[in-house]
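Encoded as structure tokens, the structure appears first; notes follow it.
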Amino acid sequence: MTRFALLFGLLLTSSLWGAGYTLADLEVLTQEGNFDEFFSHALDVRPSERQEAWKGMVSKMSDGYARHILAKNELTREHFKRIENIYTWPTLASDDVFKAHRQEIGLKYLKTCLKKTDPCWNDFKTFWEADKNNPDTAFKLAELSLELPDKPISTWVFLDVALKSSLSEFYCKKEFVLESVWGKLEIDYIRLGTSGDFLKKIDETVHPECLIPLNQMAFKKLNKPEKLSDREVAYQMLAAQGKINSGLTDFFYTVYLLENPSKGELFNYAWNRLTELSRSVDRREEVLKKIKTLDPLPDELFASLDEAKKTAILNHFKNKFPEYLYFYADQCLMYYGGKTAFPDGNPTMKCQNLMEQDTARTLVGEDKVQRFLKAISI
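Heads up, the sequence shown is in the working numbering, so the first residue is 1088 and it goes up one at a time.
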């Protein structure tokens, strides 16, 4: 290198860094607690000089500045942007104390500005994109945005991060989290079909700790689904994990046939299962005992517009599991007879459809049909 080139290099370096603040300057600003001037000039120091002393001052001042902001009654966008800006500094991105402050400030600011007439969705997105790996931040953003309309990011994007962490045990205690997981797995099950690897999808979606409350929810939906598809998803979810015994399988397939299923693989399983039940009085009694706890009773089949399918299944029940048809008809007569109180209303919603079948007398008996006709004529 020539003397001229060396001199030019020294002059250039001097022009770039000479006018900037030194470590000594930053030490004074730190002692004064002058946050604005400190963070405006902290990067004036040459990278080679940003060693322990510099890092210590940055950490101390970032902690003090964050506390200063949090002490204010109202967080402004300027506060939020300044914190987000210095969060990009490598030394602060790995500072756990500052990361906690940054999360608190960001969430506090977003909670207010998202409720305004013009929600701060851009700030919301940049806050999330700056750190997509923190499960706690992900969960809190999911919770924060849950009730907000027109959000640019779905709640599941956040939960997908949160629920794969060991903290999911705590997150999954929230009802909205379980409902979100349920909705996601329901879509996965529909896409996979009965022959797909549902267990793999479950494992990919949630941490094992989350399965405890999720399975509790599945057992509830198996007995009292909010919609008909819930029962099937619940059964398949539990079966994929090996948590279904023979009795629950008997129960599921029996009810499945009564809920007017489409013909397919599950239909064939259910049909054959009912044939198995015909060989065991004890198993049928156990299934009927469990069905008696349902309100209303499963009966969508009775109102099916597919007459051929309906007739075939009703005859199958008459031959393999007549006890259910008799019990259902008795409950119907008790309701329409007005001699028994039913606080939740009619437990046999499709009873009239059953009693008006051409084969009703064969299915439940002449006496029951006549008593029903007499009761509804009064």
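Ideal Cβ positions, reconstructed from N, Cα and C, are used throughout, including at glycine.
Measuring only the C-alpha atoms, how far is residue i from residue j?
| i | j | result |
| --- | --- | --- |
| Cys1259 | Leu1250 | 8 Å |
| Gly1432 | Asn1440 | 17 Å |
| Leu1099 | Asn1121 | The predicted model places Leu1099 with a pLDDT of 42, which falls under 50 and marks its position as unreliable, so this point remains unresolved. |
| Phe1414 | Thr1398 | 19 Å |
| Leu1325 | Leu1272 | 12 Å |
| Phe1226 | His1166 | 23 Å |
| Gln1328 | Ile1277 | 18 Å |
| Phe1091 | Pro1222 | Because the pLDDT at Phe1091 is just 43, under 50, the model does not fix this residue reliably, and the value given afterwards should be weighed accordingly. In a straight line, the C-alpha of Phe1091 is about 56 Å away from that of Pro1222. |
| Gly1424 | Pro1206 | 58 Å |
| Asn1310 | Leu1381 | 7 Å |
| Ser1391 | Asn1347 | 7 Å |
| Leu1460 | Glu1453 | 11 Å |
| Asn1160 | Glu1139 | 34 Å |
| Val1293 | Met1148 | 39 Å |
| Pro1312 | Ala1187 | 41 Å |
| Phe1339 | Lys1379 | 14 Å |
| Thr1281 | Gly1351 | 10 Å |
| Trp1208 | Lys1168 | 14 Å |
| Leu1093 | Val1244 | Annotation note: pLDDT 41 at Leu1093 (below 50); position unreliable, coordinate value reported separately. Cα to Cα, the separation comes out at about 54 Å. |
| Val1248 | Ile1289 | 14 Å |
| Thr1436 | Lys1377 | Thr is not the amino acid found at residue 1436; the sequence shown has Met there. Their Cα atoms are separated by approximately 19 Å. |
| Lys1405 | Lys1455 | 15 Å |
What residue does the alpha helix (DSSP H) around residue i start on, and which one ends it?
| i | result |
| --- | --- |
| His1166 | 1164–1174 |
| Ala1326 | 1315–1327 |
| Gly1143 | 1139–1157 |
| Gln1303 | 1298–1310 |
| Met1421 | 1409–1424 |
| Met1436 | Careful: Met1436 lies outside any alpha helix (DSSP H) and carries neither H nor E. |
| Val1456 | 1453–1464 |
| Phe1125 | 1122–1128 |
| Val1232 | Just to set this straight, residue 1232 is Ser in the shown sequence, not Val. Ser1232 -> alpha helix (DSSP H) spans 1222–1232. |
| Asn1185 | The residue you asked about is not Asn; residue 1185 is Phe in the sequence shown. Counting along the chain, the alpha helix (DSSP H) containing Phe1185 begins and ends at 1183–1200. |
| Val1132 | No alpha helix (DSSP H) holds Val1132; DSSP gives it neither H nor E. |
Under 8 Å between the Cβ atoms of residue i and residue j?
| i | j | result |
| --- | --- | --- |
| Tyr1196 | Leu1235 | no |
| Ser1267 | Leu1246 | yes |
| Asp1386 | Leu1364 | no |
| Glu1296 | Glu1256 | yes |
| Leu1345 | Lys1407 | no |
| Ala1129 | Tyr1174 | no |
| Ala1462 | Leu1420 | yes |
| Thr1117 | Phe1126 | no |
| Ala1457 | Leu1450 | Looking at the sequence itself, residue 1457 is Gln, so the reference to Ala does not match. Not in contact: Gln1457 and Leu1450 (Cβ atoms no closer than 8 Å). |
| Asp1131 | Tyr1108 | yes |
| Tyr1422 | Pro1434 | yes |
| Ala1321 | Lys1308 | yes |
| Ala1229 | Thr1213 | no |
| Ile1192 | Ala1153 | yes |
| Val1115 | Asp1150 | no |
| Tyr1343 | Leu1335 | no |
| Met1304 | Leu1254 | no |
| Glu1113 | Met1144 | The sequence shown places Leu at residue 1113, rather than the Glu named in the question. Closer than 8 Å, so yes. |
Hey, is residue i close to the ligand HEM, as in C-beta under 7 Å from one of its heavy atoms?
| i | result |
| --- | --- |
| Pro1177 | What this structure holds is no ligand at all, so the ligand HEM is not there to describe. |
Quick one: is residue i near chain D, going by C-beta distance under 8 Å?
| i | result |
| --- | --- |
| Leu1315 | In the displayed structure, chain D is absent; only one protein chain is listed. |
**Prompt:** What are the start and end residues of each continuous alpha helix (DSSP H) run of 4 or more residues lying completely inside the stretch 1234–1300, in chain order?
**Reply:** 1242–1249, 1255–1258, 1262–1279, 1285–1292
**Prompt:** What are the uninterrupted segments assigned as alpha helix (DSSP H) that are 4 or more residues long and contained completely in the stretch 1333–1359, given in chain order?
**Reply:** 1333–1345
**Request:** Counting only runs of 3+ residues fully inside the stretch 1387–1411, write out the beta strand (DSSP E) ranges in chain order.
**Result:** none
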